[in-house]
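So the structure is just underneath, and the comments pick up after that.
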Amino acid sequence: MLVPRLLATSLTAMSVVTGCTISHAMRFESREETCRTIVQPGLTWLGPTEAGDVATLDEWCKTVGPPVIDSTPHPSFGAWQARDSVAVMAWNVNAGSGELLAFFERELHLECATPTPTTLAAFSHFVLLAQEAFRRSAAVPSMSPRSTVPPRTSERPRSGPRIDIVETARQCGLALVYVPSMRNGQDEYSGEREDWGNAILSTLPLSDFIAIELPFEASRRVAVGATIHAPDRDSLRAISVHLSTFPGPWRVLRTGNSARVRQAKGLVEALRAVERLRSGTARTACDPPCSSNRSAEYPISTIAGGDLNTWSSRETTLRHLWEHFPDSPRNDQPTRGPFPTDHLVFRMRAGNSTGLHVVTESYRRVDASYNSDHQPRILWVRAHQ
Amino acid sequence: MCIVTTGHWRLATGHLLLVFILATDGHGQDGDGSAWAAAGGAALGLYSGTMLGVLGSLTPCSQTYAGAGCVRIATVAAGAVGLASGALLGATDADRLGDHAKTAGYGVLIGTAAGLAMKPLIQRFGWQDVATVAALGGAIGTSAKGAGIGLAAGTLVGLILWQLIPGFELPDAFATAFAGLAVGGIGALAIDALDRQTSGAPTLQFVAPVAVRF
């Protein structure tokens with residue numbers, strides 16, 4: 010009797026140990042924690058439904074400050090005109106390492122030092138999807154040493170001043186939405202503390218803000234979204250996203266290394282739920298499998314980009330994202346060491362083949378890293394074919 | 031079905047301990063196999079095959095659409111091969127099985143030491159992670175020589191292909207190395223079992239329910 014019992018229990022153990030699928034279902038959030046305080050109307054929160062995720066995310070959430078929204082750029086940038094090209098970039102700025110002002114000046118010809126910022130490049134406007142952007146503020150709460158505060162992100166030495174994302178946006182006259190993901194260490198700087206997360210900087214006005222707390226893997230990650238109004242009453246939704254690197258070995262084995270896949274699926278589910286809400290067919294949650302009906306669920310063109318932490322351009326995470334962003338251009342060039350970690354993915358609005366589109370040949374890697382540990386990606390979006 | 035509460039690592043650890051107890055029991059026989067040794071061998075083979083199956087398939091499967099589903103298939107297949115090989119080895123040569131159990135024990139010790147060394151260095155590296163590294167050490171240790179040869183061969187092949195084929199990326203080289211380790215480890219146990227079986231020891235027979243219609 011012992012032998013079959015042993016084998017049966019061993020087989021059970023085998024199925025327990027490996028390849029488990031943990032839910033990536035998402036829901037709208039209404040609870041108000043420090044970091045979820047709505048600083049102005051129009052910010053929609055979504056998060057995972059999995060109980061383990063919620064508890065851990067709440068602990069991390071308590072340690073960061075509120076989001077920052079400044080929806081209006083300097084008026085000199087003007088509106089998106091029918092013939093304009095808009096450059097969309099994704100860049101992990103590595104907290105204080107990335108030299109944003111130098112990047113704006115050399116790549117986008119935006120001189121922030123002048124009283125009236127002006128762009129001189131071939132494209133008329135830009136949208137930067139930034140990851141690991143840091144903010145220093147007294148609004149970031151002081152925490153006890155026992156709280157969930159990760160160590161300060163290691164930065165490369167830099168020559169110029171270390172300016173946070175809020176001050177960068179102010180100096181350059183850019184619209185900004187910034188949602189912190191986690192603390193940048195316990196250190197205090199004259200009563201101020203630092204957190205870091207995802208941000209969108211734009212020369213065009215931003216609206217309809219979204220914060221999506223991704224399913225928890227190695228650390229808290231919050232994707233941030235905003236809508237930009239294009240010509241002919243069209244719109245572009247931009248999402249800045251940063252997926253996890255690797256969780257511990259136990260979780261890697263238990264989930265079959267699906268940490269980033271789960272976060273990517275969570276992101277897609279959250280976007281679908283938002284589209285349903287906007288189109289008046291909202292449900293409070295989108296329990297998978299959701300319908301992939303393109304016309305019903307994607308009434309707006311969407312571009313998502315950022316540091317996906319992918320090892321290769323064939324990784325499961327990317328394959329799933331491309332499935333939901335079928336109009337994505339492809340580029341295999343590495344952006345961090347030998348790895349193509351950063352990507353931009355695009356989904357055209359349903360039923361509008363002549364509307365907003367990506368200029369496929371414009372999709373490339375920026376060769377300089379501007380002191381960050383990642384190189385930016387860039388592509389152009391145009392209003393008409 | 032998949033159970034995901036946080037307490038299951040204890041269950042898995044319990045099975046791991048059971049494996050070594052049973053394997054040591056088998057070693058107590060005088061060279062010939064027994065039901066106890068076969069059971070111990072099956073458990074040891076299942077544990078080793080499963081862990082190596084996960085480890086070896088993680089990177090290759092991360093390059094596929096199926097992802098975790100691919101890992102699950104590879105793990106079950108590797109576990110089944112390990113189980114059959116271990117049972118066969120236990121049934122034919124308990125001494126040899128004892129050698130595998132002993133090297134698995136060394137692997138657990140080395141894995142534990144490695145896990146403990148990593149704990150203060152890696153953020154959010156918990157005790158479950160230490161136990162996982164220890165368990166991986168034991169799985170590799172079960173057929174350490176085969177796993178080592180497989181890893182070396184996989185690494186060499188991976189690096190050569192990385193240099194020669196433009197579409198073969200660095201993760202593919204890692205995948206080849208880990209797959210080599212897993213194939214080497216599981217293969218060594220299987221070859222060992224088949225060697226003993228063909229040298230005059232008792233034979234295990236399986237009936238396959240297959241009907242052929244004309």
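So the protein lines, in turn, are chains A and B.
Heads up: the first sequence begins at 10 in the working numbering, then just goes up one per residue.
Heads up: the second sequence begins at 31 in the working numbering, then just goes up one per residue.
Using N, Cα and C, we set each Cβ at its ideal position, and we do this for glycine too.
Near residue i, which residues of its chain fall below 8 Å by C-beta distance, leaving aside the five closest residues on each side in sequence?
i, result
"Leu55 of chain A", "Met35, Arg36, Phe37, Glu38, Ile219, Ala220, Ile221, Glu222, Ala279, Ala282 and Val283"
"Ile140 of chain B", "Gly167 and Gly171"
"Arg328 of chain A", "none"
"Ala143 of chain B", "none"
"Leu151 of chain B", "none"
"Asp336 of chain A", "Phe355, Arg356, Met357, His366 and Val367"
"Arg226 of chain B", "Leu118, Leu119, Thr122, Asp123 and Arg126"
For the beta strand (DSSP E) that residue i lies in, which residues bound it at each end?
i, result
"Leu245 of chain A", "Ser244 to His251"
"Phe355 of chain A", "Asp351 to Arg356"
"Pro84 of chain A", "Note, Pro84 of chain A: premise wrong, no beta strand (DSSP E); not H, not E."
"Val35 of chain A", "Per the sequence presented here, residue 35 of chain A reads as Met, with Val not at that position. Unbroken beta strand (DSSP E) run through Met35 of chain A: Met35 to Phe37."
"Ala220 of chain A", "Ser216 to Glu222"
How close, in whole Å, do the beta carbons of residue i and residue j come, if the pair is a contact with beta carbons under 8 Å?
i, j, result
"Val158 of chain A", "Gly194 of chain A", "7 Å"
"Pro235 of chain A", "Thr254 of chain A", "Looking at the sequence shown, residue 235 of chain A is not Pro but Ala. With 8 Å as the limit, Ala235 of chain A and Thr254 of chain A do not qualify as a contact, their Cβ atoms being about 26 Å apart."
"Ala208 of chain A", "Ala139 of chain A", "4 Å"
"Thr162 of chain B", "Pro258 of chain A", "4 Å"
"Gly176 of chain B", "Gly214 of chain B", "4 Å"
"Thr89 of chain B", "Pro201 of chain B", "6 Å"
"Val101 of chain B", "Ser87 of chain B", "5 Å"
"Trp100 of chain A", "Leu137 of chain A", "7 Å"
"Gly210 of chain B", "Leu181 of chain B", "6 Å"
Enumerate in chain order the residues of its own chain whose CB-to-CB distance from residue i is below 6 Å, with the five nearest sequence positions on each side excluded.
i, result
"Ser310 of chain A", "Leu245, Met357, Arg358 and Leu365"
"Gly58 of chain B", "Any reading at Gly58 of chain B needs caution, since the residue's pLDDT is 40, under 50, leaving its predicted position unreliable; the model's value is listed next. So no residue of the chain qualifies."
"Leu330 of chain A", "Ala273 and Val354"
"Phe236 of chain B", "Residue placement at Phe236 of chain B is poorly supported in this model, since its pLDDT is 48, which falls under 50; the coordinates are not used for a value here."
"Ala111 of chain A", "Tyr379"
"His352 of chain A", "Leu317"
Only counting the same chain, and skipping five residues up and downstream in sequence, which positions put a Cβ closer than 7 Å to that of residue i?
i, result
"Thr369 of chain A", "Pro338"
"Ala149 of chain B", "The sequence given here places Lys at residue 149 of chain B; Ala does not occur at that position. Phe155 and Val160, listed in sequence order."
"Leu224 of chain B", "none"
"Asp173 of chain A", "Phe143, Arg144 and Arg145"
"Cys121 of chain A", "Leu110, Phe113, Gln180 and Cys181"
"Arg374 of chain A", "Asn340, Gln342, Thr344, Gln384 and Arg386"
"Ala68 of chain B", "Ala117, Gly120 and Ala121"
"Arg171 of chain A", "Gly105"
"Cys91 of chain B", "Gly97, Cys100, Val101 and Ala104"
"Tyr307 of chain A", "Glu284, Arg356, Arg358 and Ala359"
Could you please give me the residues that DSSP links to residue i through a beta bridge?
i, result
"Pro189 of chain A", "A:Gly206"
"Trp100 of chain A", "A:Ala139"
"Val368 of chain A", "A:Trp389"
"Ile78 of chain A", "A:Val186"
"Arg144 of chain A", "A:Asp204"
"Asp316 of chain A", "A:His251 and A:Asp351"
"Ala235 of chain A", "A:Ala247"
"His134 of chain A", "A:Val95"
"Arg345 of chain A", "A:Phe348"
"Thr311 of chain A", "A:Arg246 and A:Arg356"
"Ser211 of chain A", "A:Val136 and A:Ala184"
Need the endpoints of the alpha helix (DSSP H) that residue i sits in, please.
i, result
"Asp62 of chain A", "Ala60 to Cys70"
"Ala164 of chain B", "Trp157 to Thr172"
"Ala147 of chain B", "Ala124 to Met148"
"Pro57 of chain A", "No alpha helix (DSSP H) contains Pro57 of chain A, which is instead part of the beta strand (DSSP E) from Leu52 to Pro57."
"Ser78 of chain B", "Ala65 to Cys91"
"Glu197 of chain A", "Here Glu197 of chain A belongs to no alpha helix (DSSP H), and DSSP marks it neither H nor E."
"Ala212 of chain B", "Leu200 to Thr228"
"Ile174 of chain A", "Ile174 to Cys181"
"His329 of chain A", "Thr325 to His333"
"Val261 of chain A", "Pro258 to Thr264"
"Val375 of chain A", "That residue, Val375 of chain A, is in no alpha helix (DSSP H); it is neither H nor E in DSSP."
"Gln153 of chain B", "Here Gln153 of chain B belongs to no alpha helix (DSSP H), and DSSP marks it neither H nor E."
"Leu110 of chain A", "Leu109 to Leu117"
"Gln272 of chain A", "Ala268 to Arg287"
Stretch-stretch touch, CB-based, cutoff 8 Å, three pairs: the segment 130–148 of chain B with the segment 157–175 of chain B: yes
Three-pair Cβ contact test at 8 Å for the segment 195–211 of chain A versus the segment 150–169 of chain A: yes
At least 3 beta-carbon pairs within less than 8 Å: the segment 91–108 of chain A vs the segment 62–80 of chain A: no
The segment 344–351 of chain A in contact with the segment 104–123 of chain B per 3-pair CB rule at 8 Å: no
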